[in-house]
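Below is one structure, written out as structure tokens, with a few remarks after it.
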Amino acid sequence: MKEITVDELIQPKVQFVTGNDAIVYGALLANCRFFAGYPITPATEILESMTQYLPLLKEGYCIQMEDEIGSIGAIIGASWNNVRTMTATSGPGFSLMQENLGYACMTETPCVIVDVQRTGPSTGQPTKPAQGDVMESRWGTHGDHNIIVLYPNSVQEALWTTIRAFNLADKYRTPVVLLSDAAIAHTRERLEIPLEKEVEIIKRIPVTIDKSKYHPFRTGYSVPSKVPEMDRFGNKYHTYLTGLTHDWKAYPETNSAEVHEKLVRRLYEKIDDNRHDIIKYEEKYLEDADIVIVCYGIASRTVYSAVETAREKGFKVGLFRPITLWPFPEDKIYDISLDIDKFLVIEMNLGQIYHSVLEYSKGNCQVESLFTLGGQLPREKEILKKIRKR
Amino acid sequence: MKEITVDELIQPKVQFVTGNDAIVYGALLANCRFFAGYPITPATEILESMTQYLPLLKEGYCIQMEDEIGSIGAIIGASWNNVRTMTATSGPGFSLMQENLGYACMTETPCVIVDVQRTGPSTGQPTKPAQGDVMESRWGTHGDHNIIVLYPNSVQEALWTTIRAFNLADKYRTPVVLLSDAAIAHTRERLEIPLEKEVEIIKRIPVTIDKSKYHPFRTGYSVPSKVPEMDRFGNKYHTYLTGLTHDWKAYPETNSAEVHEKLVRRLYEKIDDNRHDIIKYEEKYLEDADIVIVCYGIASRTVYSAVETAREKGFKVGLFRPITLWPFPEDKIYDISLDIDKFLVIEMNLGQIYHSVLEYSKGNCQVESLFTLGGQLPREKEILKKIRKR
Amino acid sequence: MDIKIKEEYCKGCEYCIEVCPQEIFQKSKRYNEKGYNVPELNNSKSCTGCKKCELICPEMAITISKEEENKKK
Amino acid sequence: MDIKIKEEYCKGCEYCIEVCPQEIFQKSKRYNEKGYNVPELNNSKSCTGCKKCELICPEMAITISKEEENKKK
Amino acid sequence: MLKPSDELREKYLRKDLLPSMFCPGCSIGQIMNYTVRAIDDLEMDQDKLVFVSGIGCSSRLPAYFEAYGVHTTHGRAIAFATGIKVTNPDLQVIVFTGDGDIAAIGLNHFLQSIRRNIDITVICVNNETYGMTGGQVSPTSPMGFKTKTTPYSNIEHSFNLSFLAKAAGAVYVSRWTTAHSVQAIKAIKKGIKKKGLAFIELISACPTSDRRFPEPKDYLNYFLNESIRYKPHCEDELSSHVFKNLNECFTAQDEGKLIVGEITDLDKPDYHELYKELKERSINEFWKKRENTD
Amino acid sequence: MLKPSDELREKYLRKDLLPSMFCPGCSIGQIMNYTVRAIDDLEMDQDKLVFVSGIGCSSRLPAYFEAYGVHTTHGRAIAFATGIKVTNPDLQVIVFTGDGDIAAIGLNHFLQSIRRNIDITVICVNNETYGMTGGQVSPTSPMGFKTKTTPYSNIEHSFNLSFLAKAAGAVYVSRWTTAHSVQAIKAIKKGIKKKGLAFIELISACPTSDRRFPEPKDYLNYFLNESIRYKPHCEDELSSHVFKNLNECFTAQDEGKLIVGEITDLDKPDYHELYKELKERSINEFWKKRENTD
Amino acid sequence: MNSGKKEKTQTSIRFSGVGGMGVILSSIILGKAAIYDNKNAVQTQSYGAEQRGSKVKSDILISDLDDPSYPVFDKVDILVAFSQEAYDYYVTSTKKKSLLLINSDLIEKTSIKRNRFNISATSIAEELLSKKITNVVMLGALIKLSKIVSRESILKAIVESVPKSYVDVNVKAFERGYDFFQDN
Amino acid sequence: MNSGKKEKTQTSIRFSGVGGMGVILSSIILGKAAIYDNKNAVQTQSYGAEQRGSKVKSDILISDLDDPSYPVFDKVDILVAFSQEAYDYYVTSTKKKSLLLINSDLIEKTSIKRNRFNISATSIAEELLSKKITNVVMLGALIKLSKIVSRESILKAIVESVPKSYVDVNVKAFERGYDFFQDN
Ligand SMILES: Cc1ncc(C[n+]2csc(CCOP(=O)(O)OP(=O)(O)O)c2C)c(N)n1
Ligand SMILES: Cc1ncc(C[n+]2csc(CCOP(=O)(O)OP(=O)(O)O)c2C)c(N)n1
Ligand code: SF4
Ligand code: SF4
Ligand code: SF4
Ligand code: SF4
Ligand code: SF4
Ligand code: SF4
Ligand SMILES: [Mg+2]
Ligand SMILES: [Mg+2]
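Listed in order, the protein sequences are those of chains A, B, C, D, E, F, G and H. Heads up: the first sequence begins at 4 in this note's numbering, then just goes up one per residue. Heads up: the second sequence begins at 4 in this note's numbering, then just goes up one per residue. Heads up: the third sequence begins at 29 in this note's numbering, then just goes up one per residue. Heads up: the fourth sequence begins at 29 in this note's numbering, then just goes up one per residue. Heads up: the fifth sequence begins at 8 in this note's numbering, then just goes up one per residue. Heads up: the sixth sequence begins at 8 in this note's numbering, then just goes up one per residue. Heads up: the seventh sequence begins at 12 in this note's numbering, then just goes up one per residue. Heads up: the eighth sequence begins at 12 in this note's numbering, then just goes up one per residue.
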């Protein structure tokens, strides 16, 4: 039986497809070979496509679990077979995943969780786009942790961002949340699909040290780093994993404040120290801007033309679009705040990244907001009105 | 069979008991008559005591459910029998409750969720106190919502704050999160227990309007307010509830942006407009302070004496302790920031309320932090060091 | 027997056509407001009042009643 | 038979005392480091090597072996 | 005598929501029809009636009833219902649920409420798929079925929910297809009257997303022709006609046949009765102790 | 011949964690003992062995084994195990769980993995209580029991997990007490070798929080004296000696007796075998289609 | 789009109708064709709750730019209306110069005359097969009138988007639509 | 506590030992007694993971203030040590003037002499009942030496905190501890 390659599977190489499709393609190209999920609008097509494609690929498996808790549990477990794993859901399912998301943080298990946002709270409006889970993606699980959250704004960017999500997950041994929304999910655009060989894969660093010297959560065996090298099941190192506070040996240590502090700080810093590598954003016209619009994901799509129009009308408007939402590009916001009169934060929620912009602009400039709800994208007219208002 | 009153049940009136006990007593005095929960350290004793006391009280019921999701589901359902209801858990269970917490927000169902914090992420250290769920309590469920979160710092305050939690829940028809931690939970202190008649109960406003004119989510029938009056099961109004976006009639409306926006904004504003009523804090020596320590919950307990010592040494130190964490006392922080050199935020986490202090001090003063982890309370020495450092 | 179809509720599922032992319902050319193909009656006199149709209709769109009863109202 | 109790592992549960058909284990006055009451042996010669004790011990603290075997090592 | 639909609709349904949101030929509407007739026959007090549901097409049913209704979160209807019934045993609580809602995400709550014998009536619209999200596989989808998430056909064994409910200790279990109108109504009535947890499973059509048949009406015939009756004494003669052995009985349908019938009907104290006793017992103890210490 | 503990400990346990964290007389240590012997007898490759658990005292077991171990979240062990086994069928996956872990919060995952027939071995330490949190009621606690959360005695019926597993379609189910050392070892061995999901339920002592007896050793006698054997052909003669009828069989213990024995042993394709077929089938289809379009 | 320089190089089209006529599919086919022509295209859609819902709308923007705008239209360049309800609702989103293409079988009441083209698409479709291919008839007319994508590309897109056994009848439907209007 | 003005009016006490000797209970009894004396008391404890764990510590602060500090002690005024392990570990948390009360049955190696009082509490306890009441013997001695709460209050607290059938033996144990040291 001839093996099917991803290059062969995804044909043709230019397609007119949705954001959900792009995420699936990105995942397959990134070598994701296990997906566990539970249907939910507007993420369901990701699961559906995965059930279609993964069985065709070598060592590819896809399972529809009984719920979202089981789904994330399955992908965390599977990740330890040195498999890149993913699940996809929307708000209600994302909330259910929070406990195990924290477990992935604590056990430093790479995996990708896609949250295709719809309006909420609760069941809300299942087919309408929103950006209401941005803070949840950072703070949704209990206890001190750090996490990487990415959010593309187009079908094409969704593909590359998905690939990046897997690379960051493996590089930093952490769950990565890939945010999307009902609009990106179901918007069709031109998608150029790279060949496998055009996709860079950053692999986990395997354990190579002598078994007698190996401790699962000691870092820096081969290179100085706060990220421990990663064992896999079926190897010889007999790694033990626990969501309890654990020492280097991975043994539970439920009393020592020192062990806890050391562990939790390392988990935080392994991401925070590498903000320069993790943080990605788009900026436009910042050089001379008086007003900078901060926006991200789908909401940014209507902002571009508003910026052009405003510029034509003589307003010095710039645009700052974080693609990495967490860790938040706080230095960048601070730097910009020093040079401008006003930030205009545009979000499809009641204000989430707004708080971070306010926080890191430290009173250097005004911070205004334009929030849209109920699935509405921000309209050019409203944006211009906000820009005009001084 | 002679009825047992709460006054009779809780004897003597001065006790040497734990924070968990105080929460139980507070709940019973507040007329909480249904508790559903699932054991978890360090919250378990609340469930245990409730199984002991509630059956003794008229119409009192307590059930140990199969998990935390079921527990919060049960108390939301029961609340519509015009019963005050509560559950209690710790981090892992609190994360599991997030989906249904959002449902309570959306259906405007009063209930009290106690989260007795322990160190995390994940299973962490079950017996060690922490303050790592502060942001989760605000942002843990998906979608746009608002919520009330209270956090006492002593056994005595735990009793009164629990009572207040129930009153706020009913007054604003919202879930209220009562934060505690493993230290408050298991610390014993002198507790003075009021008589039932000494406890003010703010009841839900019942529906009284003519049935033909009644719409479950219309507001302002009897008094101008953004909080709708509340029906109960077994009445005549036949209220329908859904977590979907719904109109006045409570009918699902999954397409209209207007209906969604109106609903979600009202849910937000019914709390936000009443910050003055909801927000409570303690302040000390603010008049002449150069440095103000912001701290809350258990972490504040060791701060008092540090403040005294610092004052004796000539430092103009003040203290600001929010008891209501959410909505956040942002105006107060802003006002203070105008008059001082420095905020020192002390938390038992990696920085949560810290972000809000930074946000609302708007660059007016420095914001420093002292974070402790692994169950350690902040020590006077460390606090003084931070104060001394200019 | 009086056979009433509340047409605006009908969704043209044809269950009534299928269950009636007397073959009283049949496909029509008529569409209601929502665009559903409403069945039409044929030889309704032979209706035995078995109410199979009334029971099976997902929209409770069919009502069978004795003609006299109906007149009284 | 050679009956070895790894004392530092023993928790004094008395299961071994209970299961031994030969009543070879019995309560002692000795406490190990952790404060557990370690059983003592009595008439160990009569041991049949049935290994009930070894199987039931929650800490795998008991090892029964043929004396010869032991000597070899 | 069956009451006329016109009259029943007037009394029991919210007319401003009709016609329903359900697709043409969807069985859910039929179950609405049957339930209306059951509650009318029982002359139930609509004020005391609370319909509770999870998420799914089937879970949209409570909205249509002129009574109390709670559309909860996916899979959690029974947890909510438990809280509702425990704190107000006077209410009649009827849960509408789907196979995804109760056999997948919500299975645990379901079995626990059976164990506790909470006095509620659970009506499951088992269309063997996730209708609402577009036709994915469910734990009751037969092995070999093609669905949106089993494009190469389902390789998972399926649950027979009624047998599972029985195994968990349900006091009343009845299983029919929606083509069995009269039996379904009877079962719902019996279930409502039953003290303790009653489970009524109705095999249903989802013509939109379940591609078993292109036309709704084909379901009718399939349901009637392919269903076989569960023998009341199946307990003792399991292997006789339906199952090769007990294991099969509890896990799968017999070669595509749909087993229908009354699966269980027994008596056992319900949670509320036992709780009432517990309250009395504990209060007595309290006063006795109080006397002793005084 | 039974191997000496010394030698086994050396090979299979992490000595720096011994003695275990378990209370004096806790059955969990015994189950560790039995499992060590089972995997030794089967000459299993420790590198390929993955122990997975949830949260609870019983779930601390994996830490002690010199093999791979995953201590997951409460109730979710089997979901993790599913992901592990599906993506690497060469691994031997053994799940340790407690009654709280698997019969309360985790029941759903358990039953679904039985339905799918995932090839894992699930060993449940059923001590009829939540040991770790101090002795609260669990879904397997007998009715009438006093626990920390049933101070006026438990009013809930209890699950017989083994029967529930059987009803969900498990291919191998065996139930013993920890006093049945030899049988327990045999069951674990058989379960590991079984293709598909094997469930071994071991009724256990939690002398610390379960106040059934003051002394650990009293459990031993209780377990041996009060257990009765499940008859292999119970299917066909249910009512004969043990149960009044099938319903009782599946819900409760017989008047306080502990039913032990091999409850089920049958054959049915497991998930992995079916998935392998599915992969082949779908890949063939793919190439065939590709040819046609070219 | 209203935004400055992009205006000339982008065309906004709204397809609207009720379920069952292939409204959304027609926009997807158009988008595919645009891609084959090496243009850019962005298409969005909205319909009722989850599975069902009658009113359907699909917006598509066809663009020569590398970074096309996102289709949130106040006014569209082309409105393709399949049904009366859709026409009534969306006619307000046209501007003076907008092209209106309407299915005259289902749309009787029309207010605007300017730039309006009527085609009895449902009749043609039913004549050939069933109303399910109304969309392709409309597409044929649209391409002829607007030349927004090439004939080759749209035919390729149709072939790839419909079940094999229905390719021929769809191509026929396209041709009927295409030939409905004379070259203008 | 080290903090300024509170120092005089607050006394910090640490009870320490291993499980099974009622270490924590003794601090709770003491706290109750303080409450009966209308004082304030704040008590915290720490032990191993969840159910088990050998080393046990309980800190209590007895105070005349309305707002007592929280017992996070660098140094304590009184250390009550039930076992060697506990003594070794916590003796560093005493200061010059600290009172040390130790269970001489289990503590053999001691470094500090000053202000140290030895009592063979386990022997006394076992003589009366079992080591389970070691705590009450120690409490008796503590009250006698420190007078931190009144004799009446502590007896009341003991009576309320132990099972009815064990009241007498506990009172006896208390008295034995109380009388162990001569008035000083
Ligand atoms: C937590 C959560 N996960 C997933 C969903 C998405 N969802 C909505 S309905 C449904 C399945 C419904 O299936 P079923 O209960 O069988 O109902 P049917 O639509 O078939 O009547 C799912 C998975 C959700 N709303 N919430
Ligand atoms: C989500 C969640 N809820 C609750 C807990 C608290 N918890 C820890 S162990 C346990 C029960 C364990 O019972 P069981 O599985 O029977 O194990 P045992 O300790 O009896 O061996 C509970 C409820 C938790 N850790 N996580
Ligand atoms: S059964 Fe009802 S909905 Fe269906 S076609 Fe007949 S009248 Fe219409
Ligand atoms: S009542 Fe019976 S006979 Fe009459 S129309 Fe209905 S189904 Fe036919
Ligand atoms: S069975 Fe083992 S642990 Fe128990 S007393 Fe005997 S040797 Fe000690
Ligand atoms: S081997 Fe048998 S006879 Fe020998 S000590 Fe152990 S239990 Fe007793
Ligand atoms: S999708 Fe299926 S279950 Fe849902 S309404 Fe349509 S036919 Fe019914
Ligand atoms: S608490 Fe119970 S289950 Fe846990 S270790 Fe102790 S005896 Fe075993
Ligand atoms: Mg279904
Ligand atoms: Mg247990």
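We treat Cβ as the ideally placed atom computed from N, Cα and C, and that holds for glycine. Small disclaimer: the values here were computed from a predicted structure and weren't measured.
What distance in whole Å lies between the Cβ atoms of residue j and residue i, which are believed to be in contact at a cut-off of 8 angstroms?
{"i": "H:I39", "j": "H:Q54", "result": "6 angstroms"}
{"i": "E:N93", "j": "E:F206", "result": "The question names Asn, but residue 93 of chain E in the sequence shown is Val. About 18 angstroms; that fails the 8 angstroms criterion."}
{"i": "B:F169", "j": "B:R87", "result": "5 angstroms"}
Using 9 angstroms as the limit for Cβ to Cβ distance, is residue i near chain B?
{"i": "H:A60", "result": "Caution is warranted here: a pLDDT of 47 is assigned to H:A60, below 50, making its placement in the model unreliable, and the coordinate value is therefore given only provisionally. At least one chain B Cβ lies under 9 angstroms of H:A60."}
{"i": "E:I162", "result": "no"}
{"i": "E:E280", "result": "no"}
Which stretch, first to last residue, makes up the beta strand (DSSP E) that contains residue i?
{"i": "B:Q120", "result": "114-122"}
{"i": "G:V67", "result": "66-74"}
{"i": "E:R236", "result": "234-236"}
Where does residue i sit, in a helix, a strand or coil, going by DSSP?
{"i": "H:T198", "result": "For residue 198 of chain H there is no data in the structure shown, the boundaries of chain H being 12 and 195."}
{"i": "E:R21", "result": "coil"}
{"i": "A:G354", "result": "coil"}
{"i": "A:M53", "result": "helix"}
{"i": "E:Q260", "result": "Residue placement at E:Q260 is poorly supported in this model, since its pLDDT is 43, which falls under 50; the coordinates are not used for a value here."}
{"i": "A:L376", "result": "coil"}
{"i": "E:G113", "result": "coil"}
{"i": "G:M149", "result": "helix"}
Could you tell me whether the Cβ of residue i comes closer than 9 angstroms to any Cβ of chain A?
{"i": "G:V180", "result": "no"}
Kindly indicate if chain F contains any beta-carbon less than 9 angstroms away from that of residue i.
{"i": "E:H248", "result": "Bear in mind that the predicted position of E:H248 carries a pLDDT of just 30, short of 50, making it unreliable; the figure below should be weighed with that in mind. Chain F contact via Cβ: absent."}
Distance cutoff 9 angstroms, beta carbons only. Does residue i sit that close to anything in chain G?
{"i": "A:S259", "result": "no"}
Do we get a CB-CB distance below 9 angstroms when we pair residue i with the residues of chain D?
{"i": "F:P214", "result": "yes"}
Just reading off the alpha helix (DSSP H) that residue i is part of, what are its end residues?
{"i": "A:E201", "result": "Where A:E201 is concerned, there is no enclosing alpha helix (DSSP H), given that its DSSP letter is neither H nor E."}
{"i": "B:G96", "result": "94-99"}
The segment 70-83 of chain A: positions lying closer than 9 angstroms to chain F by Cβ: Of all residues in the segment 70-83 of chain A, the ones placed with a Cβ closer than 9 angstroms to any Cβ belonging to chain F are D70, I72, G73, S74, I75, G76, A77, I78, I79, G80, A81, S82, W83, in chain order.
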